[in-house]
Amino acid sequence: MSINWFKYASPATFYPLAGKLIPLFYALAAILTVVGLYISFFVAPTDATQGEAYRIIFIHVPAAWMSMFIYLLMAMWAGLGLVLNTRLSSIMAQALAPTGAMFTFVALITGAFWGKPTWGTWWEWDARMTSELILLFLYIGYMSLTAAIDDVRRADKAGAILALVGAVNVPIIYFSVKWWNTLHQGASVSLTRAPSMAKTMLLGMLIMALAAWMYSIAVALSRARLLMLEREKSTAWAQEVLEQKS
Amino acid sequence: MNWGSWSNFIDMGGRGFYVWGSYLITLICIVLELGQLARHKRTLWQRLTQFMKLNKQG
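Just so you know, the sequences run in chain order A and B. Here this note's numbering is used: the first residue of the first sequence is 1, the next is one more, and so on. Here this note's numbering is used: the first residue of the second sequence is 247, the next is one more, and so on.
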């Protein structure tokens, strides 16, 4: 029994599959958010030094992680679309961009709201904040570049180049706190050593990160379905989908 | 974590503005994105059904 690896590479089969998965991911996102928020406010204790202001961590860190993670995913899909010329890959890259931009914006704003009470300033041209702001411009650049070019396939290629070149910025953001050691503190949670956070605080943050992840999958898949239909409206499968709908 | 009273919870140790401000902005961003997605879907369906009608006539 040989596996057909490319079965879901074609929009016609991926469209119904995504349709079934989307409600599941929305439900997971909702449940995880409720559990995460409960832990964040009713289980996690007051912080010894920061008091209650630290509770912004439960959305700031998940949003920042998602902003970097989604950009890498976007660059990967865009690169795949460029190399393999697969339409669905480029559609996934374009479906992810707005959600990534939203999380980058949220990371910057919640960071500023956290910085004011604890550092005494909304903004600082610090290595981490500046590279995250550049990430926001990269997202906006990708979205406007792909929207500006009429021919969809050429827009995918141009966007892929920008996304791939911009990908170098993500490790810079991640390591900026170590390399430049400016205002923003180092990683409390890292892949190399045990997290330097209280258990319940860490648990709340990780659950909120999972919720953000589920949300991103649901939104990106929904947007991908719309892009698929839009691009392939004159194909047989799209006509069929439209007839069922109307 | 026992807040003691609703007003303590809202006050959030004197940092209520910053904590609730950031949660409110996050909620607004998510609601805006879901709204944009729903609008995108609605306009797409209208355009595509019309596209289909023209196809049939044409």
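Glycine included, every Cβ here is placed at the ideal spot set by N, Cα and C.
- Query: Which residues bound the alpha helix (DSSP H) around residue 60 (chain A)?
  - Reply: Its alpha helix (DSSP H) spans residues 57 to 84.
- Message: Quick check: residue 60 (chain A) and residue 110 (chain A), are their CB atoms within less than 7 Å of each other?
- Response: Note that the C-beta distance between residue 60 (chain A) and residue 110 (chain A) is below 7 Å.
- Could you give the residue range of the alpha helix (DSSP H) that holds residue 293 (chain B)? Run containing residue 293 (chain B): 262 to 303, per the alpha helix (DSSP H) assignment.
- Task: Over the uninterrupted alpha helix (DSSP H) stretch that includes residue 132 (chain A), give me the two end residues.
- Result: DSSP places residue 132 (chain A) inside the alpha helix (DSSP H), whose first and last residues are 127 to 148.
- May I have the straight-line CA-CA distance separating residue 203 (chain A) from residue 228 (chain A), to the nearest angstrom? Each residue's Cα considered, the two are about 37 Å apart.
- Message: Output needed in chain order: residues of the stretch 268 to 279 of chain B with a Cβ under 9 Å from some Cβ in chain A.
- Response: Here the close residues are 268, 269, 271, 272, 275, 276, 278 and 279.
- Item | Nearest residue (CA-CA) to residue 248 (chain B), options A:194, A:14, A:12 and A:39 | Out of A:194, A:14, A:12 and A:39, A:39 has the C-alpha closest to the C-alpha of residue 248 (chain B).
- Contact list for residue 53 (chain A) against chain B, beta-carbon separation under 9 Å: Here the neighbours are 258, 259, 260, 261, 264 and 265.
- Are the C-beta of residue 283 (chain B) and some C-beta of chain A separated by less than 7 Å? It does: the Cβ of residue 283 (chain B) has a partner Cβ on chain A nearer than 7 Å.
- Message: Can you tell me whether residue 169 (chain A) is buried or exposed? The criterion is at least 16 other CB atoms within 10 Å of its CB, across all chains shown.
- Response: Its Cβ being crowded by 16 or more others within 10 Å, residue 169 (chain A) is buried.
- Query: Can you name the residues that DSSP bridges to residue 100 (chain A)?
  - Reply: According to DSSP, residue 100 (chain A) bridges with nothing at all.
- Between the stretch 29 to 46 of chain A and the stretch 98 to 110 of chain A, are three or more C-beta pairs nearer than 8 Å? Touching, no.
- Query: Count the other CB atoms within 10 Å of the CB of residue 219 (chain A); is the residue buried (16 or more) or exposed (fewer)?
  - Reply: Buried: at least 16 other Cβ atoms inside 10 Å.
- Query: Thinking just about the alpha-carbon of each residue, which of A:171, A:231 and A:200 is nearest to the one in residue 65 (chain A)?
  - Reply: Of the candidates A:171, A:231 and A:200, the one whose C-alpha sits nearest the C-alpha of residue 65 (chain A) is A:171.
- Item | Residue-level contact to chain B via CB, residue 117 (chain A), 7 Å cutoff | Taking 7 Å as the CB threshold, residue 117 (chain A) lines the interface with chain B.
- Does residue 106 (chain A) come within less than 7 Å of chain B when only Cβ atoms are used? Judged by the 7 Å Cβ criterion, residue 106 (chain A) is in contact with chain B.
- Could you check where the alpha helix (DSSP H) with residue 255 (chain B) kicks off and where it finishes? Counting along the chain, the alpha helix (DSSP H) containing residue 255 (chain B) begins and ends at 252 to 257.
- Message: So if DSSP puts residue 51 (chain A) in a beta bridge, which residue, or which two residues, is it bridged to?
- Response: Answer by DSSP bridge pairing, in chain order: A:47.
- Could you check where the alpha helix (DSSP H) with residue 185 (chain A) kicks off and where it finishes? For residue 185 (chain A), no alpha helix (DSSP H) segment is defined, and its DSSP state is neither H nor E.
- If the cut is a Cβ gap below 8 Å, which residues of chain A does residue 300 (chain B) touch? Among the residues of chain A, none has a CB under 8 Å from the CB of residue 300 (chain B); the nearest is roughly 11 Å distant.
- Message: Our contact map puts residue 155 (chain A) next to residue 161 (chain A) with C-beta atoms below 8 Å; I'd like the distance itself, whole angstroms only.
- Response: Here residue 155 (chain A) is actually not in contact with residue 161 (chain A); their C-beta atoms are around 11 Å apart, not less than 8 Å.
- Query: Mapping DSSP to helix, strand and coil, what is residue 235 (chain A)?
  - Reply: Secondary structure at residue 235 (chain A): coil, using DSSP grouped into helix, strand and coil.
- Item | Inter-residue CB distance, residue 212 (chain A) and residue 63 (chain A) (contact presumed, cutoff 8 Å) | About 7 Å separates the CB atoms of residue 212 (chain A) and residue 63 (chain A); that is less than 8 Å, so the two are in contact.
- Item | Distance, residue 7 (chain A) Cα to residue 87 (chain A) Cα | Going by the C-alpha atoms only, they are around 14 Å apart.
- For my contact list, residue 225 (chain A) and residue 15 (chain A) are in at a C-beta cut-off of 8 Å; report their separation, rounded to the angstrom. The pair is a contact, with the Cβ atoms about 6 Å apart (cut-off 8 Å).
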